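Report on one structure; see the data block that follows.
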Ligand code: 5AD
Ligand code: SF4
C-alpha cells in the first residue's frame, strides 16, 4: 500500500512540473513516506530525519513526512523534529501538489479525514513497473484488531466505485500491463458504494479485461473471506491461485484477545475449502509472536498450525505495542529475549517447510513474469511465478517485463532458480 501511495505522490509531483533527482543531496524537496505498524519502522524514520537535517542546514532542502506516522502523531511530530516543513496523512496526498509549487516556508499540516472516496487522476501515477501495477480499491479499516494502529492512521473503510476501478484497469491494459494487484487493508469487505456489488463481483469484472493475464489481491481478512470469494477465485481464470490470508496466531484464545473475529478451526476450514477448490494454491500468512499474555501452550499452537498448513511463505513479527491500540493498554509482558526466541523458532520451522516445498518444484516448467535483474547477480533475471514466489533465472535473450517459461533447476528456502525454457510441460 505504501509503495503504491509513493507512486501516486511521485506522479503528482511530476505533473506539477518537478523533476526526479538522483540523490537526496541534489534534491530540493524530500518526502518521507512512513509506516507506523511497528515501533521499529517509526524509529527508522527518526534516524533518517536526523541524517537529513544536515542537508536542510546546508542548502535549505524542504523536508516533509507523509503517511501513517504523519497521521498518528500529527503536529506532535514538530515537537520531535521542529525543522519539518510539512506533515500530511494518507488521506491527504491529493493536496501535495497544492503546497509544492509555492515552496512556502510556512509549515503545513493536512491530517483531516474525508468520509468519501476521492479519485486521483490515474494518468498521473508514476509506476515503477511497466508490466505489473497496483490498483487501490479501498482505503482504511474498520476492524480494530487489538494490536493494530492502522485504523487510527488510515481511518474508516471507504470503497472505490467499480467503474472507476475498471477504468484504471482498462487504461493499464491498453498500456501493456499484464498483472494487476488489487490493494486494500481489507479487500474482502469491499462493497461498491453505488451498487452494493461485493469483492467476488469485482473479481469477475476485472477478469473480463482482455490482455490482463494475472490478477492478485491483498490483504484478505479471514473473517470476511466468505466462501463466495473462494469460488470466484476458482471461476475467474486470470486470478492467480495465490492468497495471503493472515492468521496472526494459531491459538483461538490469542485470536480472541487480538479481536480477530475467527477461531483457529474456522480459519482451517477456509484453508480446506481453498485447497479443495484449487489444489495448486499457494498460501501465505502473517504471524505475530509474543502478544501480551501469549503462553508457551498458545505459542506451540502457532508452531503446530504452521506445520499443519505448510504455507509457501510467511511474514513474522515480534509484537510491538502501538499507541492508541487496545492491546497497548495491557502489559507487554513477554520479555524481548523470549519474543526473539519465539520468532527464531517460527522462522526456523518455516524455513525447513519452504525448503522442502521448493525442492518438490525442481524439474517443473513454470510461467514467470520477469520484473527485473537479480539483486545478487546482474547477469541473472528475476521474476515471480503464479504463486508469487521469487524465481531467478538465466536467459540468453532480454526478457524484461515479459511472460516466459522457466525450468526450475534448484532452490533455496526463499527463492527458486532456473533457466528459460522453450516448451512448457506444465502451465498455470
Ligand atoms: N506488532 C507486531 N506486528 C504487527 N502487525 C500489525 N501490528 C503489529 C504490531 N503491533 C503485523 C500483522 C499485520 C502485518 C501487516 O503487520 O501481522 O498483518
Ligand atoms: Fe490492522 Fe486488523 Fe485492520 Fe489488518 S484488519 S489493518 S491487522 S486492524
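Numbering (the numbering used here), first residue to last: 9 to 436. Don't be surprised by glycine CBs; every beta carbon is placed ideally from N, CA and C. Source: prediction; values computed, not measured.
With hydrogens ignored, establish whether the beta-carbon of residue 193 is closer than 7 Å to any heavy atom of the ligand SF4. yes
Residue 152 beta carbon near the ligand SF4 (any heavy atom closer than 7 Å): Residue 152: yes, Cβ under 7 Å from the ligand SF4.
Using the three-state DSSP reduction, which class does residue 310 fall into: helix, strand or coil? helix
Between which two residues does the beta strand (DSSP E) harbouring residue 127 extend? Looking at the DSSP string, residue 127 is not in any beta strand (DSSP E), and its letter there is neither H nor E.
Close beta carbons around residue 230, own chain, < 7 Å, minus the five adjacent residues each side: 253, 255, 270, 275, 278
Can you tell me whether residue 200 is buried or exposed, with buried defined as 16 or more other CB within 10 angstroms of its CB? buried
Counting pairs of beta carbons, one from the region 407 to 420 and one from the region 361 to 378, are three or more of them closer than 8 Å? Touching, yes, given that three or more Cβ pairs across the two stretches are closer than 8 Å.
Quick check: residue 213 and residue 174, are their CB atoms within less than 8 Å of each other? Closer than 8 Å, so yes.
Check the DSSP bridge columns for residue 147 and list the partner residues they point to. 166
Assigned exposure category for residue 106 - 16 Cβ within 10 Å defines buried: exposed
Closer than 6 Å to the ligand 5AD: residues, by C-beta to nearest heavy atom, in chain order: 45, 46, 155, 156, 254, 256, 294, 296, 325, 327, 328, 330
When you compare only the Cα positions, how much space is there between residue 103 and residue 65? 26 Å
Pick out the complete alpha helix (DSSP H) segments inside the region 236 to 313, 4 residues or longer, and give them in chain order. Runs of the alpha helix (DSSP H) inside the region 236 to 313: 260 to 265, 272 to 285.
Cα separation between residue 345 and residue 324? 16 Å
C-alpha distance - residue 58 paired with residue 280, whole-angstrom precision: Rounded to whole angstroms, residue 58 to residue 280 spans 49 Å at the Cα level.
Have a look at residue 261 and residue 198 and give me their C-alpha separation to the nearest angstrom. 28 Å
Buried or exposed (CB count within 10 angstroms, at least 16 for buried), residue 305: exposed
Among 75, 409, 156, whose alpha-carbon lies nearest the alpha-carbon of residue 331? 156
Any heavy atom of the ligand SF4 closer than 7 Å to the CB of residue 252? Look at residue 252: its beta carbon is at least 7 Å from all of the heavy atoms in the ligand SF4.
Ends of the alpha helix (DSSP H) at residue 15? 10 to 23
Does DSSP put residue 397 in a helix, a strand or coil? coil
Where residue 86 falls: helix, strand or coil (DSSP): If DSSP states are grouped into helix, strand and coil, residue 86 belongs with the helices.
Just to confirm the assignment, what range does the alpha helix (DSSP H) spanning residue 64 have? 47 to 67
CB of residue 158 to nearest heavy atom of the ligand SF4: below 7 Å? Checking the Cβ of residue 158 against the ligand SF4 gives yes.
Under a three-way DSSP split, which group does residue 189 fall into? strand
So who's on the other strand from residue 141, going by DSSP bridges? 188
Environment of residue 239 [buried if 16+ CB atoms lie within 10 Å]: So residue 239 ends up on the exposed side.
In the structure shown, what three-state DSSP assignment does residue 374 receive? Residue 374 falls in the strand class under three-state DSSP.
By alpha-carbon positions, which one of 241, 297, 314, 300 ends up nearest to residue 287? 241
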